[in-house]
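Novice: Dumping the structure here so I can ask a few things about it.
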Amino acid sequence: MKNQLFILIISYTYSILICQVISTLRLDLLTLCFHILSYFSSFLCVNNVKQSNDSHLIISTAVSLVDTFIINACFFIDIELETQNVGQLSTVFHCKDSWEIIEGLRGGLSNVQEPENQAGYMLKKRKWPMKGWHKRFFYLDKGILKYAKCAADVEKGKLHGCIDVGLSVMAIKKKAKCIDLDAEENIYHLKIKSQELFDEWVSKLRHHRLYRQNEIAMFPHEKTLFHPHYPLTSSPTIPDSQSIRKVMPWDMKRVPSCISAGSIRLHASNPNLSSVDLTNEKTYHETLDSPIDVSKLQEDFCRVANNREFYSCDGSRPLVHQASNESRASITESLSEFFDAQEVLLSASSSENEPSEDDSYISDISDNVSMENFSNEVENERLNTGGYRRCCLPSPSPNTSNISLWNILKNNIGKDLSKVAMPVQLNEPLNTLQRLCEELEYSELLDKAAHTQDPFERMVYIATFAVSGYASSYYRAGGKPFNPVLGETYECDRPDKGFCFVAEQVSHHPPISACHAESKNFIFWQDVRWRNKFWGKSMEIVPVGKTHVVLPGFGDHYEWNKVTSCIHNILSGQRWIEHYGEISIKNSNSEKCQCKVTFIKAKYWSSSMNEVEGAVTDHKGKVVHKLFGKWHEGMYYGSPPSATCIWRMNPMPPDYEQYYGFTKFALELNELDPLTKALLPPTDSRLRLDQRLLEEGNVESAEVQKQRIEQLQRERRRVLEDNHMTHQPRFFQKSRDDTWVSNNTYWELRKDPGFSNFDCPVLW
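Taking numbering that gives the first Met the number 0, the leading residue of the sequence shown gets 0, the next gets one more, and so forth.
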């Protein structure tokens, strides 16, 4: 009797526990597993009981039978409940077990009350070094989330990082008590142990996020000035540049301090400001009331510096480039567009890593380079007719805030964007053929190589030229070039630079652009094929093909590949472009030397960006020259501190941000004067109506012409297909290795009989 009572008590208690677990979890899969296992255990125990009277077997049998009954009951009750209220149960299951994206500000401005500050410790995930979860102190103030090792470090400004919650995609996982903040450059993984603290942080982050988004909508300049990832140019002449970069953008309460920091930054990046009168700095310090005024002040300083550079008495240009701040010429999107894209949650495999405390900068680098070799001369300002080339476009870039990129791209994730029709406002008034010509902006590097006897030094100049072609893209992440139509051409005759260039669109599907340039010192040609893919928040451009340079004086034939380009922040925030990969340069006529140049991808744990490293080696692989620098600033060879500067990017024109971020060379590419117009074929890009109208600021007419030109191209393609014909390029031909090379007829036909007497297709 006692044994039976003992069995009943144990069975009852054990069954209640099992029932409680199942009712709490309410997981059908787990219930089914218990259900099946219970049947097996019951069957085995009953068979054992038949063969033995042991009390332990009796107890286990009773427990198993009772479990089977209760689990069966729970299982069928679960099914019945789910059948009656499927929507409710599935919603509960989804919210507990999956990521939930937090919705942000929608529509117009709203009256969001200023939130209270929130502070405390959370766990933050790191990748490398010290992989895993680390305890960090976080401080949330007006939508800006700062973090450091402890509260004292936050007070001192020794921050490990800072996140603009308003410009981040926020997702939470309630069951795991995890918070993810996707700030485009990095994904921050946070975790909280206590459910109460988790709910409190989520609530505060929601409130601060809405407040910050409302502030951005009201004061768009503030967004640019205080964006956490706004790159500040570091300078070896400023010992505290690291601390300025870490602290300056975050604290919106200390606007006056930003003035002095900004002044230092401008002076460091442009030595010409040393003679600018700064006596009024105190007045600015006392009168500025908002970040908008600070932004205006910095723009004024940039304008003064540029005017001094371009209109100096001796006509020469300084080598040092102006402040390398992020271009504000990118297309600004409305807040509603940004939050329409929130359902695209990128993979959480990447994680932000804190920068190391011992970041250092290359110092005391010798700029051992002459103005004659590495800066444009006064003749660059003049046309062939003796006049001056233009220094700005007829109209600034249009406002694109009314365009929803997400609506255009959401159905094209993973596809080739060259086949996707885009509004004309998203274009810049240049096309791909003209962008190829931009790679010759620093053609003086090839001229220098052609006059260098040492083959290893020649390779240094060739490698630097390959890097310099990417410099102009730094300020151009906001727009895309026009896609050339099949048969479109472009010429660029530059006696001031000593070369003549011609390009043609030789294929439409796949898109292939071929170009050829000649001078007395070099021959340059390439055909470019590329694949564009959109990955939710970024677009990757993968070029295919080789670039060729021949130096006739030495019989050298250099060829190299191009690296991958990626435009980040496509749908929100400040767009920025990154190039990464390896360029391998070989001389096909000699094995004496070769070169490899690596475009380093930005690291999550480092603040350095746009870095380039390379080495020139002999036939045995021994390093002869080392190269390093940044593709948007300059290149050096040698070892610091005695390294020699061999190239610097030219200074940007005044107000370049308002004119698509064009360099001075880019401003001149679409210029059309009456003398040149009479010599061009009807297929030249400068005669293309939609591109010209966009340059003049007539966006509506440009859109109409763009659609008309695209329709004409479709009709021409249909005629060719109906007649089983293929397009034959006029000025390029396919070689044995399936690349396109010039047939050397363009300049002869231009001279005699002239393109006015030439039968050309009607492209527009």
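Ideal Cβ placement from N, Cα and C applies to all residues, glycine included. Source: prediction; values computed, not measured.
1) Once DSSP output is grouped into helix, strand and coil, what is the label at TYR146?
2) Within the continuous beta strand (DSSP E) that includes ARG764, where are the two ends?
3) Taking the C-alpha atoms as reference points, what is the distance between CYS594 and SER512?
4) Quick check on the burial criterion: 16 or more other C-beta atoms within 10 angstroms. Buried or exposed for CYS436?
5) I'd like to confirm the pairing. Which residues does DSSP put opposite MET651 in its beta bridges?
6) Could one say the Cβ of ARG135 lies closer than 8 angstroms to chain C's Cβ atoms, at least one of them?
7) Would you kindly check if the distance between the Cβ of VAL562 and the Cβ of PHE533 is under 8 angstroms?
8) Hey, how far is the Cα of GLN704 from the Cα of SER755?
9) Pair every Cβ in the stretch 542-557 with every Cβ in the stretch 515-530, then say whether three or more of these pairs are closer than 8 angstroms.
10) With a CB to CB cut of under 6 angstroms and the five nearest residues on each side skipped, what residues in its chain are close to ILE361?
11) Drop a sphere of 10 angstroms on the beta-carbon of TRP200, count the other beta-carbons inside from all chains shown, and report buried for 16 or more, exposed for fewer.
12) Would you mind reading off the limits of the alpha helix (DSSP H) that contains ILE708?
13) For ALA665, collect the residues of the same chain with a Cβ closer than 7 angstroms to its Cβ; drop the 5 residues on either side in sequence, then sort them by chain order.
14) Considering TYR474, what are the terminal residues of the alpha helix (DSSP H) in which it resides?
15) Would a C-beta distance cut-off of 8 angstroms place PRO681 and CYS759 closer than the cut-off?
16) DSSP beta-bridge partners for THR616?
17) DSSP three-state label for SER193, please.
18) In three-state DSSP terms, what is THR643?
19) What residue does the alpha helix (DSSP H) around ASP689 start on, and which one ends it?
20) Kindly indicate which three-state DSSP category ALA601 falls into: helix, strand or coil?
21) Quick check: what's the CA-CA separation for GLU702 versus PRO422?
22) Roughly how far, in whole angstroms, is the beta-carbon of PRO395 from the beta-carbon of TYR658, given that I think they are within contact range, below 8 angstroms?
23) Quick one: using the 10 Å Cβ neighbour count with 16 as the cut-off for buried, is GLU113 buried or exposed?
24) In this structure, does DSSP put ARG208 in helix, strand or coil?
25) Just to confirm, are LYS174 and TYR146 a CB contact at a threshold of 8 angstroms?
26) Apart from the five residues just before and just after GLN727, which ones in its own chain have a Cβ nearer than 7 angstroms to its Cβ?
27) Spatial neighbours of LEU692 within its chain, please: CB distance less than 7 angstroms, with the 5 preceding and 5 following residues excluded, ordered by chain position.
28) With a threshold of 6 angstroms on Cβ separation, who are the neighbours of ASP738 within its own chain once the five nearest residues in sequence on each side are excluded?
29) I need the DSSP call for GLN117, collapsed to helix, strand or coil.
30) Answer with buried or exposed for GLY131, where buried requires no fewer than 16 other C-beta atoms within 10 angstroms of its C-beta.
31) Assign HIS618 to one of two classes, buried (16 or more other C-beta atoms within 10 Å of its C-beta) or exposed (fewer than that).
32) Using a 10 Å radius around the Cβ and a threshold of 16 neighbouring Cβ atoms, would you call HIS266 buried or exposed?
33) Does the contact criterion of 3 or more C-beta pairs under 8 angstroms hold for the stretch 625-642 versus the stretch 607-614?
Specialist: From the atom records:
1) Within the sequence shown, numbered from 1, the residue matching residue 146 stands at position 147. Shown here, TYR146 sits in a strand according to DSSP, grouped into three states.
2) Any property of residue 764 remains undetermined from this structure, which presents the chain solely from 0 to 763.
3) Here residue 594 refers to the residue found at position 595 of the sequence shown. Here residue 512 refers to the residue found at position 513 of the sequence shown. CA-CA distance, CYS594 to SER512, rounds to 26 angstroms.
4) Counting from 1 along the sequence shown, the entry for residue 436 is found at position 437. Classification of CYS436: buried, given that the 10 Å Cβ count is 16 or more.
5) Within the sequence shown, residue 651 is the residue found at index 652, counting from 1. The partner list for MET651 (beta bridge, DSSP) is empty, contrary to what the question assumes.
6) Any reference to chain C falls outside this structure, which holds one protein chain only.
7) Working through the sequence shown from its first residue, we reach residue 533 at position 534. Working through the sequence shown from its first residue, we reach residue 562 at position 563. Cβ distance not < 8 angstroms, so PHE533 and VAL562 don't count as in contact.
8) For the purposes of this step, residue 704 is taken as the residue at position 705 of the sequence shown. For the purposes of this step, residue 755 is taken as the residue at position 756 of the sequence shown. One C-alpha to the other measures close to 23 angstroms.
9) yes
10) In the sequence shown, residue 361 corresponds to position 362, counting from 1. Residue confidence is low: ILE361 scores 34 on pLDDT, short of 50, so the model does not pin down where it sits. Its coordinate-derived value is still stated next. Excluding positions up to five away in sequence, the list reads PRO639.
11) Taking the sequence shown and counting its residues from 1, one reaches residue 200 at position 201. With 16 or more other Cβ atoms within 10 Å, it is buried.
12) Looking up residue 708 in the sequence shown gives position 709. Counting along the chain, the alpha helix (DSSP H) containing ILE708 begins and ends at 698-721.
13) Residue numbering aside, residue 665 sits at position 666 when the sequence shown is read from its first letter. Cβ neighbours of ALA665 beyond the five flanking positions: LEU429, GLU437, SER471.
14) Reading the sequence shown from its first residue, position 475 is the one you call residue 474. Taken as a continuous stretch (DSSP letters only), TYR474 belongs to no alpha helix (DSSP H), as it is neither H nor E.
15) Taking the sequence shown and counting its residues from 1, the one referred to as residue 681 is at position 682. Taking the sequence shown and counting its residues from 1, the one referred to as residue 759 is at position 760. In this structure, CYS759 lies closer than 8 angstroms to PRO681 by Cβ.
16) Translated into positions along the sequence shown, residue 616 becomes position 617. GLN593, VAL622, per the DSSP bridge assignment.
17) If you number the sequence shown from 1, residue 193 lands on position 194. DSSP places SER193 in the coil class of the three-state scheme, outside both helix and strand.
18) The residue you call residue 643 lines up with position 644 of the sequence shown. Reduced to three states, the DSSP call for THR643 is strand.
19) Residue numbering aside, residue 689 sits at position 690 when the sequence shown is read from its first letter. Looking at the DSSP string, the run of the alpha helix (DSSP H) that includes ASP689 is 688-694.
20) The residue labelled residue 601 in the question sits at position 602 within the sequence shown. Note: ALA601 maps to coil in three-state DSSP.
21) The residue given as residue 702 occupies position 703 in the sequence shown. The residue given as residue 422 occupies position 423 in the sequence shown. So the two alpha carbons sit approximately 7 angstroms from each other.
22) Numbered from 1 along the sequence shown, position 396 holds the residue referred to as residue 395. Numbered from 1 along the sequence shown, position 659 holds the residue referred to as residue 658. The pair is a contact, with the Cβ atoms about 6 angstroms apart (cut-off 8 angstroms).
23) The residue you call residue 113 lines up with position 114 of the sequence shown. Flag for GLU113 reads exposed.
24) Counting from 1 along the sequence shown, the entry for residue 208 is found at position 209. Assignment of ARG208 by DSSP, reduced to helix, strand and coil, places it in the helix class.
25) Looking up residue 174 in the sequence shown gives position 175. Looking up residue 146 in the sequence shown gives position 147. No, the pair does not count as a contact, with Cβ atoms beyond the cut-off.
26) Counting from one through the sequence shown, the residue named residue 727 turns up at place 728. Counting only Cβ-Cβ distances below 7 angstroms, and skipping sequence neighbours, we find nothing.
27) Walking along the sequence shown from the start, residue 692 turns up at place 693. Cβ within range, chain order: SER700, ALA701, GLN704.
28) As a working note, residue 738 is residue 739 in the sequence shown. The sequence given here has Thr at residue 738, not Asp. Closer than 6 angstroms at Cβ, skipping near neighbours: ASP526.
29) The residue given as residue 117 occupies position 118 in the sequence shown. In this structure, GLN117 counts as strand in the three-state DSSP scheme.
30) Locating residue 131 in the sequence shown gives position 132, counting from the first residue. Classification for GLY131: exposed.
31) For the purposes of this step, residue 618 is identified with residue 619 of the sequence shown, where counting begins at 1. Exposed is the call here.
32) In the sequence shown, residue 266 corresponds to position 267, counting from 1. Caution applies to HIS266, whose pLDDT of 37 falls short of 50 and renders its modelled position unreliable; the value that the coordinates give is listed next. Taking all protein chains in view, the Cβ of HIS266 is crowded by 16 or more other Cβ atoms within 10 Å, so the residue is classified as buried.
33) yes
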